[in-house]
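One structure below.
Structure, rendered in structure tokens:
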């Protein structure tokens, strides 16, 4: 039988004299309202986390409470309140109270006696594959999972999908037996059939407990899609295995070693869309293009013998029927067009490289180096490289190294040509013949402000330019001015007289777009600086 839920086992023995308070509802730890335990029934009655079990004993036919007060000894597997609530939901009721109000008392008695085993079976007796004959007549089995948790499995006709009940706490202090607290109501096959309960795990249960789908589950958590998958009604989920995700990371390149490298909102959204692309909206498949949960994106479904293949992936498991749909494990992460576009971006150059390869932008390159903007210019607007409040300097420097930059928060840069920079140097006077003459801290700060005055967050291509103001990274505005009688624009700055013409537009890079211009745009501080220099010359 396959196990599906894993919790640590807490084997806690309470002294009778120490038990004096009621249940702590915040942490679920059993607490008692009486100080004297004379029977397993007292353990049930005195523990707030077993109040639903207590109520069920009064509803069931027969006189189970009197039996549990008897000499025994008994081993009781006691479902928590949460376990009864889960059963109620499975049976179509809003609450455990509604379930108890409507269930056949004889059927409830069958359920409860399925939780009672003659004899005192402590945790040391609950060994791997042990079979336990219940008072009801059917048997339970014991499984010890890889974390040494004790699991109790009910005997159904579908043992491979039988969800295990975890023993979370054991109380051996009752004179007539032992009570083991469990997180699931155990069901014999007859009850499953009577209540029409679908005992198959959900798609998420299957994935969570498959050793080869750990990366997929981590990706669902990172993208906030766990709840979405839990609420699927009828769908087909194509589940890439861990090896498939390793292939995706390798394809993305050195900047992506794990899911942790999807470290800003846009990257996480892209990862989420990739996952949605693996959710086919129907579990009734046929050859052709299948709609996915990633809107307006389809997956190619190809008939292959009695089954199907999907896109360029191979299936590595048969179709598994879960309670809320089907799923099938595949050996490759399927990529929607958005992901393919991303790969194209990764293989293209960044804005900094674009500047360095153009010979007529060499002064711009010198300015970036002089102001130490050459590295952040790779992705100047990427907020993922803001140092965390508690992040150590060494860790931040390693994380923000150039090789780790990502390219999803694009910028638009208006890049002055060499001729434009030369005109600025001429305007500054004889003391400024090259970028090297910006050699004081004040001058370098001014040069940096001038450069940032050319950068706008977001990718604005020429077709999307509209008349108006754009706020730059320098926190001041430039003007987009329409040329009368044409469909072109010029760029205005704080001088309000000579505008910059775009001499080459839409130079695309993976982190934005560059437009080459024939004038250096000047913010107010730069104009004031030039005016001060001119005044000094006059004086």
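In full-length UniProt numbering, the protein residues as written are 1 to 539. Ideal placement from N, C-alpha and C gives every residue a C-beta, glycine not left out.
Residue pairing by DSSP puts residue 328 in a beta bridge opposite 238.
As computed with DSSP, residue 515 is found in a beta bridge with 414. With contacts defined by Cβ atoms closer than 8 angstroms, residue 336 and residue 277 form a contacting pair. In terms of Cα proximity to residue 522, the closest of 142, 208, 436 and 427 is 427.
Taking residue 449 as reference, the option from 472, 467 and 466 with the minimal CA-CA separation is 472. By DSSP's assignment, residue 457 forms a beta bridge with 411.
By the Cβ-count criterion, residue 151 is buried, with 16 or more other Cβ atoms from all chains shown falling within 10 Å of its own Cβ.
The C-beta of residue 184 has 16 or more other C-beta atoms within 10 Å across all chains shown, which makes the residue buried.
The closest CA to that of residue 530, considering only 481, 501, 429 and 460, is found on 429. For residue 79, the beta-bridge partners assigned by DSSP are 182. For residue 267, the uninterrupted alpha helix (DSSP H) segment begins and ends at 265-276. Residue 461 counts as exposed, since fewer than 16 other C-beta atoms from the protein chains shown sit within 10 angstroms of its C-beta. According to the DSSP assignment, residue 359 belongs to no beta strand (DSSP E), since it is labelled neither H nor E. Within the segment 460-535, the beta strand (DSSP E) runs of at least 3 residues that lie entirely inside it are, in chain order, 468-471, 477-482, 489-492, 500-509 and 512-517. Just so you know, the alpha carbons of residue 141 and residue 75 end up roughly 14 angstroms apart. Note on geometry: alpha-carbon atoms of residue 201 and residue 192 lie some 14 angstroms from one another. Secondary structure at residue 57: helix, using DSSP grouped into helix, strand and coil.
In summary, residue 466 is exposed, with fewer than 16 beta-carbon neighbours lying within 10 Å of its beta-carbon over all protein chains present. A distance below 7 angstroms between beta-carbons, with the five flanking residues on each side excluded, links residue 362 to the following residues of its chain, in chain order: 418. In the displayed model, residue 101 falls within a helix according to three-state DSSP. Pairing residue 323 with residue 135, the inter-Cα distance amounts to about 30 angstroms.
Rounded to whole angstroms, the separation of the alpha carbons of residue 307 and residue 132 is 40 angstroms. Counting C-beta pairs closer than 8 angstroms gives three or more between the segment 34-48 and the segment 69-85, which meets the contact rule.
Between the segment 174-188 and the segment 118-130 there are three or more C-beta pairs closer than 8 angstroms, enough to call the two in contact. In chain order, 100 place their CB closer than 7 angstroms to the CB of residue 55, counting only its own chain and leaving out the 5 sequence neighbours on each side. For the pair residue 223 and residue 165, the Cα-to-Cα distance works out to about 29 angstroms.
DSSP places residue 169 inside the beta strand (DSSP E), whose first and last residues are 165-171. With respect to the C-alpha of residue 333, the residue from 441, 186, 245 and 285 having the closest C-alpha is 245. Sequence-distant partners of residue 128 (beyond 5 residues in either direction) whose C-beta falls short of 8 angstroms from its own C-beta, in its chain, are 142, 143 and 144.
Under the three-pair Cβ rule at 8 angstroms, the segment 212-229 does not count as touching the segment 338-349. Taking a 10 Å sphere around the C-beta of residue 519, we find 16 or more other C-beta atoms and assign the residue as buried. In this structure, residue 327 places its C-beta atom within 8 angstroms of the C-beta atom of residue 203. Rounded to the nearest whole angstrom, the C-alpha separation of residue 487 and residue 441 is 42 angstroms.
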